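Counting from 1, one number per residue, gives the positions in the sequence shown under the UniProt record's numbering.
From the three backbone atoms N, C-alpha and C, an ideal C-beta is built for every residue, glycine too.
All values derive from a computational prediction rather than experimental measurement.
Following: one structure in structure tokens, then a few remarks.
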Amino acid sequence: MDAAARGRFRPPGREAWRAFAHRLTASLRYTLSAGATGLLALVCCGPLLAVGALSPAGPGLLALRPVLRWTRRFADVHRRRAGALLGADIPPAGGTPTGFRALLTDRATWSCLGWLGLHALTGTAVGALALGLCGGVLSWLTTPLWWWAVPHAEFAVWEIASWPAALAAVALAPVYAGLAGLLLPALARGHAGMTRALLGPRRGRASLARRVEELTVSRAEALDAHAAELRRIERDLHDGAQAGLVAVSLRLGLIRRALEGRPEALPELVDATQRLAEQTLSSLRATVRAIHPPVLDDHGLAEAARGLAANCPVPTDLDVETVPPGTRAPAAVEAAAYFVLAEALTNVARHSGAARAAVRLAVTPDLIRVSVRDDGRGGAAEGPGTGLRGIRRRVAALDGVTDLSSPPGGPTLLRVELPCGS
1 MDAAARGRFR PPGREAWRAF AHRLTASLRY TLSAGATGLL ALVCCGPLLA
51 VGALSPAGPG LLALRPVLRW TRRFADVHRR RAGALLGADI PPAGGTPTGF
101 RALLTDRATW SCLGWLGLHA LTGTAVGALA LGLCGGVLSW LTTPLWWWAV
151 PHAEFAVWEI ASWPAALAAV ALAPVYAGLA GLLLPALARG HAGMTRALLG
201 PRRGRASLAR RVEELTVSRA EALDAHAAEL RRIERDLHDG AQAGLVAVSL
251 RLGLIRRALE GRPEALPELV DATQRLAEQT LSSLRATVRA IHPPVLDDHG
301 LAEAARGLAA NCPVPTDLDV ETVPPGTRAP AAVEAAAYFV LAEALTNVAR
351 HSGAARAAVR LAVTPDLIRV SVRDDGRGGA AEGPGTGLRG IRRRVAALDG
401 VTDLSSPPGG PTLLRVELPC GS
């Protein structure tokens with residue numbers, strides 16, 4: 001057998017057996033608990049029907065509300081257990097009604113009642129089958145002990161009248177174990193799928209709930225990014241323009257004193273004051289450009305990207321695909337794309353150790369795509385306070401998508417998509 005054939009027929013490794021054992025154990029726990037709670041639901045179905053029949057009367061009406069609440073809580077427990085088995089979060093089908101009328105007319109309440117009746121049958125059956133398979137494994141595995149203790153007992157499959165027959169019966173234990181390995185995961189996932197279908201939200205409502213959650217998170221991130229941007233502007237004004245204006249004011253005071261006592265020092269003081277004023281103006285221009293780069297209004301995103309690529313310390317190749325002239329994305333989207341590209345190239349220059357970078361910019365009427373690739377060391381992480389985290393927040397605020405690939409050793413690829421209709 002050649003190496004390729006040996007690779008195809010390689011026996012399962014330790015990790016595969018460990019995963020199978022974990023899946024089988026989880027399925028066994030789920031099916032046994034489903035059997036126990038299914039039996040409980042089967043016992044409770046009679047009183048529930050009685051309460052429903054008596055609900056038009058006073059006593060039944062008083063008991064109906066706690067019964068419905070108990071049913072919903074009972075179903076919620078199994079909804080979470082089904083989600084844990086399936087490896088997916090199953091949100092509830094609706095909210096929690098506060099009033100009795102809302103509880104009675106809520107569709108989720110009736111879904112829980114329908115699930116309870118179905119679970120009473122399927123859960124009991126699944127649990128009984130799981131218990132029977134496990135009991136069969138233990139029973140046939142210990143057949144010699146049973147025959148030694150009770151030699152004249154009757155066994156279900158064949159009569160055991162000797163030690164060889166008792167030892168041969170042990171061979172049925174692996175058969176039952178194999179059946180359990182095949183059936184229990186399928187039964188558990190089938191019952192969990194039924195629970196998700198009945199207790200989870202409908203597909204349209206589930207996608208709407210996920211969308212609302214995504215928008216809530218992106219709104220919170222946008223507020224955080226806005227607050228961080230305001231703090232940065234305040235810090236830049238405080239450390240740059242304000243400090244420069246204070247220095248200019250002090251220099252003007254020195255000039256006033258020189259006018260009174262040392263006129264020969266005036267030229268030097270005026271020159272120093274002029275330099276401070278120019279530095280302060282430069283600081284103000286930098287702060288204004290950080291708020292909204294004027295190059296976007298004057299020349300557009302493509303020219304702004306060319307300027308960023310040309311000024312990057314790492315040699316950068318730029319590929320721009322734009323729509324026909326005159327078609328522009330919204331100003332907020334263009335500004336976000338500009339700052340994403342600026343921050344990405346700053347990260348390349350400071351942290352990547354790259355010898356070369358490549359930028360691809362594609363602008364369409366509906367979408368702006370930005371990708372930045374470098375041949376550096378890789379391993380870029382989105383830690384708190386990092387530029388990559390800021391990029392993701394800025395993009396999420398506009399309902400965009402950020403994708404980062406940076407394996408150790410490189411290369412690093414950052415892809416961003418910004419919808420122009422947000």
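- The stretch 351-364 makes no contact with the stretch 396-404, as fewer than three CB pairs between them are under 8 Å.
- Distances from the CA of L388 to each of R415, R81, T71 and P411 were compared; the closest alpha carbon is that of R415.
- Straight-line spacing of the CA atoms in V340 and R394 works out to 8 Å.
- Restricting attention to A177, L318 and Y30, the CA atom closest to the CA of G123 is found in Y30.
- The C-alpha of L28 lies about 17 Å from the C-alpha of L39.
- When beta bridges are read from the DSSP output, A358 appears opposite D317 and R373.
- In this chain, P419 is not harboured by any alpha helix (DSSP H); it is covered by the beta strand (DSSP E) spanning T412 to P419.
- Residue environment for S282: exposed (fewer than 16 other C-beta atoms within 10 angstroms of its C-beta).
- Within the model, the alpha-carbon separation for L129 versus V43 is close to 19 Å.
- Taking 8 Å as the cut-off, the Cβ atoms of A329 and C420 count as close.
- Here V320 is actually not in contact with L345; their C-beta atoms are around 15 Å apart, not less than 8 Å.
- Taking C-beta separations shorter than 6 Å and ignoring five residues to either side along the sequence, the partners of A34 in its chain run G123, V126, G127 and H191, following chain order.
- Look at I391 here: in three-state DSSP terms it is helix.
- Beta-bridge analysis with DSSP links T402 to V416.
- If you look at V348, you'll find it isn't in any alpha helix (DSSP H); DSSP assigns it neither H nor E.
- For G379, there is no enclosing alpha helix (DSSP H), as DSSP gives it neither H nor E.
- For T364, no alpha helix (DSSP H) encloses it, and the DSSP letter there is neither H nor E.
- Residue pairing by DSSP places I368 opposite V363 and L418 in a beta bridge.
- Within 10 angstroms of the beta-carbon of P365 lie fewer than 16 other beta-carbons, which makes it exposed.
- Taking C-beta atoms as the reference points, L301 and A309 fail to come closer than 8 Å.
- Judged by their CB atoms, T71 and L113 are nearer to each other than the 8 Å cut-off.
- Between T412 and G390 the beta-carbon gap is near 16 Å, outside 8 Å, which marks them as no contact.
- For R392 and M194, the gap between their C-alpha atoms comes out near 37 Å.
- Just so you know, the alpha carbons of L184 and A381 end up roughly 41 Å apart.
- Linking S371 to H22 through their CA atoms gives a straight-line distance of about 41 Å.
- Boundaries of the alpha helix (DSSP H) around T195: L172 to L199.
- For L118 and A41, the gap between their C-alpha atoms comes out near 9 Å.
- In chain order, C312, P313 and V314 place their CB closer than 7 Å to the CB of A349, counting only its own chain and leaving out the 5 sequence neighbours on each side.
- Between A331 and L398, the gap from beta carbon to beta carbon reaches 8 Å or more.
- For L182, the closest of R373, L418 and F20 by C-alpha to C-alpha distance is F20.
- Under the DSSP assignment, R306 falls in the alpha helix (DSSP H) whose first and last residues are L301 to N311.
- Excluding its 5 nearest sequence neighbours in each direction, H78 has C-beta neighbours in its own chain below 6 Å: T195, listed in chain order.
- Within the model, the alpha-carbon separation for H351 versus S406 is close to 12 Å.
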